[in-house]
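Residue numbers (my numbering): 288 to 382. The structure appears right after this line, and notes come after that.
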Amino acid sequence: MWGKISDNFEDYLEANRDLEKKVRQLGGRKVLYAHHYYPEDTFWEIYDQSDYQKLREKYHAEVFPDIYEKTVVTEDYNPSILAGFSHVFDKLLFG
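Following this line, the structure appears as structure tokens:
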């Protein structure tokens with residue numbers, strides 16, 4: 288799916304959740320190179336949390352955010368270079 292749905296984030300969120308639900312009904316799942324809008328419990332039903340945790344432990348990756356945290360969108364997302372630099376500098380300066 289491609290194109291602008293609405294300027295209203297709630298409409299955008301609803302359309303994405305409807306699409307995710309339909310994909311799941313059809314036996315598919317989203318590829319995680321993109322954002323997702325699943326509630327956490329639904330996400331881990333789809334992407335086996337037990338196996339994922341075993342791999343994180345095996346490769347000592349527990350200190351990093353998990354794949355759910357990295358890909359979930361919980362608020363209106365407005366990417367900008369300035370915001371990206373600001374985030375990096377905040378982390379560098381203030382930890």
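Backbone N, C-alpha and C define an ideal beta-carbon position, used for all residues, glycine too. Treat the numbers as computed from the prediction; the structure is a model and nothing was measured.
The beta-bridge partner set that DSSP reports for residue 359 consists of 323.
The Cβ-Cβ distance between residue 325 and residue 343 does not fall below 9 Å. Here the C-alpha atom of residue 293 lies approximately 21 Å from the C-alpha atom of residue 310. In terms of Cα proximity to residue 315, the closest of 339, 341, 332 is 332.
Shown here, residue 307 sits in a helix according to DSSP, grouped into three states.
The straight-line gap separating the alpha-carbon atoms of residue 295 and residue 301 is approximately 10 Å.
Residue 354 places its beta carbon 9 Å or farther from that of residue 313. Note on residue 322: under 16 other CB atoms within 10 angstroms of its CB, so exposed under the neighbour-count rule. Residue 346 sits in coil when the DSSP states are folded into three classes, being neither helix nor strand.
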